[in-house]
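What follows is one structure encoded as structure tokens, with my remarks underneath.
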Amino acid sequence: MKKIIVLGCGISGLSSALLLIREGHQVKIVSKELPPNTTSNKAAAFWSPYYAEGERVTQWAKESYEEYETLCMIEESGVSMAKLHRFRKKGSVESEDWEAAVPEGDYRAIPKEKLPAGYDEGFELDVPLIETQIFLPWLMDEFKDDGGKIETREIKSLDELQNECDLIIHCSGMNARTLVNDQAMIPMKGQIVVMDLHLDIPIILVESDPTYIVQRKDGCIVGGTREENVFTETTDEETLNAIVDRASKFFPEIKTASRITQWAGLRPYRNEVRVEREENIIHNYGHGGSGFTLAWGCAKEVLGLASW
Ligand SMILES: Cc1cc2nc3c(=O)[nH]c(=O)nc-3n(C[C@H](O)[C@H](O)[C@H](O)COP(=O)(O)OP(=O)(O)OC[C@H]3O[C@@H](n4cnc5c(N)ncnc54)[C@H](O)[C@@H]3O)c2cc1C
Numbered sequence: 015m016k017k018i019i020v021l022g023c024g025i026s027g028l029s030s031a032l033l034l035i036r037e038g039h040q041v042k043i044v045s046k047e048l049p050p051n052t053t054s055n056k057a058a059a060f061w062s063p064y065y066a067e068g069e070r071v072t073q074w075a076k077e078s079y080e081e082y083e084t085l086c087m088i089e090e091s092g093v094s095m096a097k098l099h100r101f102r103k104k105g106s107v108e109s110e111d112w113e114a115a116v117p118e119g120d121y122r123a124i125p126k127e128k129l130p131a132g133y134d135e136g137f138e139l140d141v142p143l144i145e146t147q148i149f150l151p152w153l154m155d156e157f158k159d160d161g162g163k164i165e166t167r168e169i170k171s172l173d174e175l176q177n178e179c180d181l182i183i184h185c186s187g188m189n190a191r192t193l194v195n196d197q198a199m200i201p202m203k204g205q206i207v208v209m210d211l212h213l214d215i216p217i218i219l220v221e222s223d224p225t226y227i228v229q230r231k232d233g234c235i236v237g238g239t240r241e242e243n244v245f246t247e248t249t250d251e252e253t254l255n256a257i258v259d260r261a262s263k264f265f266p267e268i269k270t271a272s273r274i275t276q277w278a279g280l281r282p283y284r285n286e287v288r289v290e291r292e293e294n295i296i297h298n299y300g301h302g303g304s305g306f307t308l309a310w311g312c313a314k315e316v317l318g319l320a321s322w
């Protein structure tokens, strides 16, 4: 049994903390912000290996998919399976790893005659849909029920935690850029509008735009943007209107529906997702647009790295 501090209470910190405490370690989360005030709360959030790099991404996505399939059976978790339609235009380059990460036969081509105008290819698959507003507090409760402690505290350096534990799990998301001076961390800003709609529709995804439409319990999430190296977390009206216009081509109701809210968040992008041990620090950050998609695979790897 080790005394472990997990730095960060987003999806990366929470998934790592939960697996570690269930393995019998003594675990405390230390975090400046807790849900609902983390980047993880700004995710759409559906399973999609998107804007995350590294050889292990497909394996982590696969392991996470499997874990969410189990979580789906617990109603209070806020996780369910949803149909997703992924459309592409000729010449657009996107991750091809999806098929390898989902159950065999689950990645099905949509016949050409059923494609929306302007698209050359489409695929249908079932993916985990995560209601962040339910799932993140539920994970915190699970962790606390298992004896975990959560402390709200900002730290300026990982050294501050060294005397308090045997092992530090570093899950500070975008803040790793300053906390461990990792200049490979680049914000990939995304803007979202939440419409007051409750439609019976599949998730729509066009990565090249990017456009995504996700019907959740708290509204219809419509995105998005991919603004590289932009550090501000503000939305702008012109961009939001363009997002709504693009999405309305799929479902005209979106154009006239009223807005519940909008937000912008910074995807913590890195040229390679960092899950790595350095002496008594295990880093788990840089998941880009795939924090939820990779969480459980990465947390399992953290568990392995913590065992020696
Ligand atoms: C618009 C948008 C849509 C997205 N959609 C999806 C999606 O559909 N599917 C998907 O898989 N992913 C999606 N993502 C990506 C996903 O949100 C991120 O990859 C994920 O949230 C990263 O989680 P994290 O736990 O690593 O970081 P965070 O959620 O940012 O958590 C970091 C934690 O560290 C704490 N912390 C940081 N610095 C300090 C410090 N100095 N002291 C103490 N605590 C500190 C913070 O307070 C916070 O609790 C989306 C992101 C955006 C912005």
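Residue numbers (the numbering used here): 15 to 322.
We put the CB at the ideal spot given by N, CA and C, even for glycine.
All of these numbers come straight from a predicted model, not from anything done at the bench.
- DSSP places residue 53 in the helix class (H, G or I) of the three-state scheme.
- Spatial neighbours of residue 56 in its own chain (CB-CB distance under 6 Å, excluding positions within 5 residues in sequence) are listed in chain order as 277 and 279.
- Placement of the Cβ of residue 299 at a distance of less than 7 Å from at least one heavy atom of ligand 1 is found.
- For residue 131, the distance from the CB to the nearest heavy atom of ligand 1 is not below 7 Å.
- Residue environment analysis places residue 87 among the exposed positions, since fewer than 16 neighbouring C-beta atoms fall within 10 angstroms of its C-beta.
- The alpha-carbon of residue 235 is positioned some 26 Å away from that of residue 104.
- Between residue 132 and residue 26, the C-beta gap is not smaller than 8 Å, which leaves the two residues out of contact.
- Relative to ligand 1, the nearest heavy atom lies less than 7 Å away from the CB of residue 282.
- By the criterion of at least three beta-carbon pairs nearer than 8 Å, the stretch 265 to 272 is not in contact with the stretch 177 to 186.
- The continuous alpha helix (DSSP H) containing residue 151 extends over residues 146 to 159.
- If you check the CB distance, residue 215 and residue 226 do not come in under 8 Å.
- For residue 189, the Cβ falls inside the 7 Å cut-off from some heavy atom of ligand 1.
- The beta carbon of residue 79 is closer than 7 Å to those of 61, 115, 116 and 142 in its chain, skipping five residues each way along the sequence.
- The beta carbon of residue 31 sits closer than 7 Å to those of 20, 41, 43, 157 and 162, all from its chain and outside the five residues before and after it, given in chain order.
- For residue 39, the number of other beta carbons within 10 angstroms of its own is at least 16, and it is reported as buried.
- Three or more beta-carbon pairs drawn from the stretch 308 to 321 and the stretch 292 to 299 are found closer than 8 Å, and the two stretches are therefore classed as touching.
- Residue 42 is bridged by DSSP to 19 and 163.
- Take the alpha-carbon of residue 197 and the one of residue 285: they are about 10 Å apart.
- Remark: C-beta atoms of residue 173 and residue 274 do not approach each other more closely than 8 Å.
- For residue 312, the enclosing alpha helix (DSSP H) has its first and last residue at 305 to 320.
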